[in-house]
Amino acid sequence: MFELSEDQQAMVAMVRDFANEALAPNAAKWDETKHFPVDVLAEAGTLGMGGIYIQEQFGGSGLTRSDAVLIFEELAKADPTIAAYISIHNMVVWMIDSFGNTEQRAQWVPQLASMEALGSYCLTEPGAGSDAAALATKAVRDGDEYVLNGVKQFISGAGSASYYLVMCRTADTGSRGITAIVVPAETPGLSFGANEKKMGWNAQPTRQVILENVRVPVANRLGEEGGGFGIAMKGLNGGRINMGACSLGGGQTALDKSVAYLKDRQAFGGPLINQQALLFQIADMETELVSARTLLWRAAEALDRGAPDAVKLCAMAKQVATDAGFSVANRAMQLHGGYGYLSEYGLEKIARDLRVHQILEGSNEIMRLVVGRSVAGA
Amino acid sequence: MKIIVLVKQVPDTEEERRLDPVTGLLDRGANECVADEINERALEVALRHRDANKGTEVVALTVGPASATAVLRKALSMGADSAVHVVDDLLEGADIAATARVLAAAVQQAGFDLVVTGNESTDGRGGVVPAMVAEHLGLPLLSSLNTMEITPERVAGEATVEAGNLTVSALLPAIVSVTERSAEARFPNFKGILTAKRKPLATLSLEDLGVIPHGGGANSTVLTVSERPARTAGKKIVDDGTAAKDLADFLVASRLI
Ligand SMILES: Cc1cc2nc3c(=O)[nH]c(=O)nc-3n(C[C@H](O)[C@H](O)[C@H](O)COP(=O)(O)OP(=O)(O)OC[C@H]3O[C@@H](n4cnc5c(N)ncnc54)[C@H](O)[C@@H]3O)c2cc1C
Chain A
0 MFELSEDQQA MVAMVRDFAN EALAPNAAKW DETKHFPVDV LAEAGTLGMG GIYIQEQFGG
60 SGLTRSDAVL IFEELAKADP TIAAYISIHN MVVWMIDSFG NTEQRAQWVP QLASMEALGS
120 YCLTEPGAGS DAAALATKAV RDGDEYVLNG VKQFISGAGS ASYYLVMCRT ADTGSRGITA
180 IVVPAETPGL SFGANEKKMG WNAQPTRQVI LENVRVPVAN RLGEEGGGFG IAMKGLNGGR
240 INMGACSLGG GQTALDKSVA YLKDRQAFGG PLINQQALLF QIADMETELV SARTLLWRAA
300 EALDRGAPDA VKLCAMAKQV ATDAGFSVAN RAMQLHGGYG YLSEYGLEKI ARDLRVHQIL
360 EGSNEIMRLV VGRSVAGA
Chain B
0 MKIIVLVKQV PDTEEERRLD PVTGLLDRGA NECVADEINE RALEVALRHR DANKGTEVVA
60 LTVGPASATA VLRKALSMGA DSAVHVVDDL LEGADIAATA RVLAAAVQQA GFDLVVTGNE
120 STDGRGGVVP AMVAEHLGLP LLSSLNTMEI TPERVAGEAT VEAGNLTVSA LLPAIVSVTE
180 RSAEARFPNF KGILTAKRKP LATLSLEDLG VIPHGGGANS TVLTVSERPA RTAGKKIVDD
240 GTAAKDLADF LVASRLI
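Residue numbers (numbering that gives the first Met the number 0), protein chains in the order written: chain A, 0 to 377; chain B, 0 to 256.
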């Protein structure tokens with residue numbers, strides 16, 4: 000169960016080579032200049048990363064969730080920000096491929112799976128975050144079209160993406176009145192806010208998505224009217240374990256750097272690794288990452304099987320892995336002393352990038368809500 | 000057209016590579032073994048031709064221990080159509096001449112229009128295997144090409160020589176070796192990795208090839224191996240106003256200027 004298959008080993012080796020060559024050398028520069036490398040994403044697309052766990056029929060790679068978490072961890076070792084965007088993109092492609100009809104899949108999946116076109120997931124609003132079912136963006140039916148009005152907040156990839164999967168209100172019946180609609184970038188009435196200034200995740204844009212009398216054909220609706228909330232939540236199950244995997248990748252790099260640094264740094268008559276207080280820190284960091292990875296793989300396997308407790312396991316794994324990743328990155332910074340605080344050493348970027356994983360795709364408080372409700376049967 | 004690409008498993012250059020002081024052979028356990036990058040460029044040249052020309056077949060071939068299957072799998076995942084692995088205990092310790100003889104027999108048995116290789120491996124760095132294979136087969140060799148163009152009858156390309164560039168061509172069948180300046184190798188994609196297992200991979204022994212080894216794999220004997228001496232600290236020049244002169248004197252004394 001915990002041994003990688005030959006195929007998985009080969010996939011991980013390929014992703015590592017790609018990440019070391021295409022991401023790692025540029026990550027610091029992209030962070031500093033807030034550059035979103037769409038050309039590199041397109042290259043990742045040719046390798047199959049735009050549709051990792053999407054069926055092969057329209058260009059997906061047909062891999063499992065268990066494969067996906069290995070891939071995201073490996074990408075995140077080089078750059079958590081790019082890895083995380085690839086996860087969001089995959090979530091959108093999976094939702095279209097899983098809930099779209101044949102025409103919709105044939106129209107959108109091939110260009111998305113190749114990453115020639117990018118996707119954005121639009122759920123959060125200025126007034127509705129954790130309580131996503133309270134969203135207010137309206138879609139009103141007008142003949143063969145929907146007319147959309149509202150504002151989406153914190154949308155990753157916005158402004159660069161070609162397709163926006165927008166969760167809209169079509170009826171005032173709470174979570175049962177939400178519908179998922181695909182809005183192409185060039186649709187009149189669609190515009191974007193400024194690129195938010197933020198702590199990390201600088202190599203991908205975060206903007207408002209503003210919808211003013213945006214008209215799209217009814218044929219752009221995924222699934223039935225009122226089915227949008229369920230689609231959005233199902234997408235997030237995979238998103239959550241991927242985000243956990245991204246945290247483990249960042250945390251692993253921070254730990255590896257710390258071990259190398261402590262072996263090299265001389266103080267008090269020897270390398271710092273000889274200080275048992277510090278060695279114990281390393282031990283705790285390793286134990287936290289391995290524990291989190293173990294739970295994450297279990298959650299991925301449950302999702303692959305469609306196990307009844309998959310939602311709960313994904314929420315647990317997201318919380319544990321994103322907490323572990325940030326905590327390890329933060330301690331790695333401490334172990335590097337003053338150098339940890341300098342950008343040049345790459346530690347502070349990992350901590351800045353991983354911090355948001357505890358907040359988004361369901362904050363870690365909301366993960367507790369999911370787990371608690373499931374345990375208490377409430 | 001059938002193109003055979005010679006590939007080799009080598010220790011990863013990212014880490015320190017070691018020879019076993021007792022046997023004089025490469026310590027294969029000391030490093031992770033990977034596909035030699037130069038062969039991946041050779042494969043890339045062949046695959047690009049295949050991608051643009053229907054009816055082209057690309058075969059990856061290696062002579063090496065059982066573990067070398069991994070480099071063939073990688074070649075298959077990158078897009079090679081089939082693979083041939085010559086593996087035989089009698090080949091342990093095979094030197095350049097012995098390896099070239101086996102390679103020549105193997106490509107001959109497989110049949111080909113063109114053989115593409117790297118100009119030198121990153122471990123042995125002998126740089127003579129392509130020439131030896133060509134000699135065994137009595138075929139032309141275009142060596143150390145930076146660029147390469149394949150047409151149905153000919154192969155042509157450019158090589159850098161001391162005085163400039165050389166433009167060369169040969170009628171097929173021929174052997175070509177490429178340099179690090181040739182095509183940048185692609186990454187295998189996920190589909191390639193998953194389909195690699197279903198592609199044909201033939202395993203051949205020396206007997207299958209009709210090659211009779213003379214007295215083990217090697218034609219030469221390693222007498223001694225000594226470890227590279229540990230690096231000693233360099234000379235430090237402290238600037239008391241004459242550092243520039245001291246530095247110049249040092250460079251002159253070391254014949255560096
Ligand atoms: C960089 C970035 C990128 C993002 N990308 C996207 C994207 O691509 N698409 C998208 O749709 N959204 C995106 N988000 C939005 C993200 O998912 C939300 O910020 C998140 O869900 C939290 O919502 P909120 O910010 O409104 O906080 P709130 O919901 O207002 O929460 C505030 C605090 O209260 C806690 N809290 C709320 N309710 C409860 C409760 N019932 N019990 C206990 N604690 C609770 C929360 O955990 C949090 O700590 C992104 C956010 C960021 C920062």
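The beta-carbon is built from N, C-alpha and C at its ideal position, and this holds for glycine as well.
- In this structure, A:Phe153 has its CB closer than 8 Å to one or more heavy atoms of ligand 1.
- Of all C-beta pairs linking the stretch 126 to 141 of chain A to the stretch 72 to 86 of chain A, fewer than three are shorter than 8 Å, placing the two stretches out of contact.
- By the CB criterion at 9 Å, B:Val62 and B:Val86 fall inside the cutoff.
- Interface with chain A (9 Å Cβ-Cβ cutoff): B:Lys190 is included.
- Taking 9 Å as the threshold, the shortest C-beta distance from A:Asp6 to chain B falls below it.
- Take the alpha-carbon of A:Pro216 and the one of A:Gln280: they are about 57 Å apart.
- Excluding residues up to 5 positions away in sequence, Ile2, Val4, Ala41, Val44, Ala45, Val175 and Val177 lie with their Cβ nearer than 7 Å to the Cβ of B:Val115 in the same chain.
- When the beta-carbon positions are compared, A:Ile349 and A:Gly249 come within less than 9 Å of each other.
- For B:Pro10, no CB of chain A lies under 9 Å from its own CB, so it is not counted at the interface with that chain.
- Minimum Cα-Cα distance from A:Val370 among the listed residues A:Ala309, A:Ile209 and A:Arg354 corresponds to A:Ala309.
- By the Cβ test, the stretch 221 to 229 of chain A is in contact with the stretch 161 to 169 of chain A, since at least three Cβ pairs between them sit closer than 8 Å.
- Only those residues of the stretch 168 to 196 of chain B whose C-beta falls short of 9 Å from the nearest C-beta of chain A are listed: Arg185, Phe186, Pro187, Asn188, Phe189, Lys190, Gly191, Ile192, Leu193, Ala195 and Lys196.
- Under the DSSP assignment, A:Leu189 falls in the beta strand (DSSP E) whose first and last residues are Leu189 to Phe191.
- Here the alpha carbon of A:Met366 sits roughly 7 Å from the alpha carbon of A:Met315.
- Interface residue (Cβ-Cβ distance to chain A less than 9 Å): B:Ser120 is not classified as such.
- Membership of A:Phe153 in the beta strand (DSSP E) is indicated by the continuous run Glu144 to Ser155.
- Taking C-alpha positions only, A:Ala157 is separated from B:Lys53 by approximately 41 Å.
- Bridge partners of B:Glu56 according to DSSP: B:Lys1.
- In this structure, the beta-carbon distance from B:Ala82 to B:Leu200 falls below 9 Å.
- A contact between stretches requires three or more CB pairs, one per stretch, nearer than 8 Å, and the stretch 70 to 83 of chain A meets this requirement with the stretch 7 to 23 of chain A.
- For A:Arg140, the enclosing beta strand (DSSP E) begins and ends at Lys137 to Asp141.
- Not one heavy atom of ligand 1 falls within 8 Å of the beta-carbon of A:Gly176.
- Sequence-distant Cβ neighbours of B:Glu56 in its own chain, meaning closer than 6 Å and more than five residues away, are Lys1 and Asp80.
- According to the DSSP assignment, A:Thr45 belongs to the alpha helix (DSSP H) that extends over Val37 to Thr45.
- Counting the other CB atoms within 10 Å of its CB gives A:Arg372 a total below 16, which places it among the exposed residues.
- In terms of side-chain proximity, the C-beta atom of A:Lys196 is found no nearer than 8 Å to any non-hydrogen atom of ligand 1.
- By the C-beta density criterion, A:Ile81 is buried, having at least 16 other C-beta atoms within 10 angstroms.
- Bridge pairing for A:Asn194: absent [DSSP].
- Of the candidates A:Thr321, A:Cys245, A:Gln54 and A:Thr178, the residue whose Cα lies closest to the Cα of A:Leu69 is A:Cys245.
- At least one heavy atom of ligand 1 lies closer than 8 Å to the C-beta of A:Leu368.
- With a threshold of 9 Å between beta carbons, A:Leu62 makes contact with chain B.
- Apart from sequence neighbours up to five positions away, the residues of its chain that approach A:Ala26 with a beta-carbon distance below 6 Å are Asp78, ordered along the chain.
- Shortest Cα-Cα distance from A:Ala202 to any of A:Met10, A:Trp29, A:Tyr162 and A:Ala306 involves A:Trp29.
- DSSP places A:Pro307 outside both helix and strand once states are collapsed to three, so it counts as coil.
- Distances taken from the Cβ of A:Thr321 to the heavy atoms of ligand 1 include none shorter than 8 Å.
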